[in-house]
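>
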Amino acid sequence: MSVEPYGADEESAAVLRTVGKVIKMCREREGMTQAGLATAIRYSEEQVSSVERGRRAPAEEFLEAADRVLEAGGLIAGLKKEVEKARFPKKVRDLAKLEAEAVEICAYDNSVINGLLQTEEYLRAVFGSRRPAFSEEEVDRLVTARLARQEVIKSKQANLSFSFVHDEAALRRRVGGRMVLRRQLERLLEIGQKRNVEIQVLPLDREDNAGLGGPFHLLRLKEGATVAHNEVQRTSRLISERKEIQILELRYGVIRAQALPPRESLAFVEKVLGET
């Protein structure tokens, strides 16, 4: 399944068009021009026009200011939750929904640190390295979506467990530069102290590595089913076919066995941090 342009799926577009129509209706009811509204809420006229046409997701501050200036009584400000969801591409919304329903999330990564564990500056560097390059607006949207997904690991939900295995190469690749990587490794050490999180490292000197085929996620859901997520280059897909899941579950078990145990892995991350 090809990756959709961020914010380009029809569901998101329909939400943004509806929000734009509501704002336009309230503005015209007050007899105000786009230029007048822009001045009153301290945004550009082009931004107001783009929001009303459904081409741009308005910021929370935009909605609150427009609601106040147009005396909408909460009608516009009340759309914040819908707009926030519409900022993310459908594949991110679907993945975030599955992660929220999971009781265990397992992941193997061999190129960069897993997205649920990335610092903001690290993930900006990851998205910034993409070629052809994303625009600044696209990078901001991607960063916002990724940070929103990370809420799942901040949850105090007692029955939610995480298992992450990283190839050593992912720990040493200086994405964003030395200091960005140092702060990222410090984040790993911090999250690795959580009782429901296990972080393991598969050293480069190991002769066997069952993960040479690339990164993947396994999400074990509350009702007992397991789904997988795989994203490489311009392809992103959710996998639910039982035979494929069985292969990935077997592979992940082997990868965990080949990696260092969690306590030794954190000591290994500390060693890499000291060398960085």
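So for the sequence shown, the numbering used here puts the first residue at 1080; every next one is plus one.
Using N, Cα and C, we set each Cβ at its ideal position, and we do this for glycine too.
This structure is a prediction, so every number in the text was calculated from the model and none was measured.
Identify which residue in L1281, V1259, R1134 has its Cα closest to the Cα of Y1331.
That would be L1281, whose Cα lies nearest to the Cα of Y1331.
> What are the partner residues of I1270, as DSSP defines its beta bridges?
According to DSSP, I1270 bridges with nothing at all.
> CB L1329 to CB N1275, shorter than 8 Å?
No, the pair does not count as a contact, with Cβ atoms beyond the cut-off.
> Under the assumption that I1232 contacts I1270 (Cβ atoms under 8 Å), give the Cβ distance between them as a whole number of angstroms.
At roughly 7 Å, the Cβ-Cβ gap stays under 8 Å, so I1232 and I1270 are in contact.
> Start and end of the beta strand (DSSP E) containing Q1279?
It spans 1276-1281 - the beta strand (DSSP E) in which Q1279 sits, taken as one unbroken run.
> Between G1110, M1104, L1116, V1130, which has its C-alpha nearest R1096's C-alpha?
Ranking G1110, M1104, L1116, V1130 by Cα distance to R1096 puts V1130 first.
> By the DSSP assignment, the alpha helix (DSSP H) with E1230 in it spans what residues?
Here the alpha helix (DSSP H) through E1230 covers 1230-1233.
> In the DSSP assignment, find the alpha helix (DSSP H) that holds I1184 and state where it starts and stops.
Counting along the chain, I1184 falls outside any alpha helix (DSSP H), though it belongs to the beta strand (DSSP E) covering 1181-1188.
> Looking at the unbroken beta strand (DSSP E) that takes in T1305, where does it start and where does it end?
Unbroken beta strand (DSSP E) run through T1305: 1305-1311.
> Going straight from the alpha carbon of Q1197 to that of M1111, what length do you get?
Answer to the nearest angstrom: the Cα atoms are 44 Å apart.
> Report yes or no: do three or more beta-carbon pairs, one from the segment 1320-1328 and one from the segment 1256-1267, lie closer than 8 Å?
Cβ pair count under 8 Å is below three, so no.
> Tell me, to the nearest whole angstrom, how far the beta carbon of I1155 is from that of A1165; I am working on the premise that it is less than 8 Å.
No, I1155 and A1165 are not in contact; Cβ-Cβ is about 15 Å, not under 8 Å.
> Between the alpha carbons of V1148 and Q1279, how many angstroms are there, rounded?
If I take the Cα positions, the gap works out to 53 Å.
> Beta strand (DSSP E) containing F1243: first to last residue?
Note, F1243: beta strand (DSSP E), 1240-1246.
> Where does S1128 sit, in a helix, a strand or coil, going by DSSP?
Of the three classes helix, strand and coil, the one that applies to S1128 here is helix, per DSSP.
> Return the first residue and the last residue of the beta strand (DSSP E) that F1295 is part of.
Counting along the chain, the beta strand (DSSP E) containing F1295 begins and ends at 1295-1300.
> Using 8 Å for Cβ pairs, my map puts A1119 next to Q1126. What's the rounded Cβ distance?
That pair is no contact at about 13 Å.
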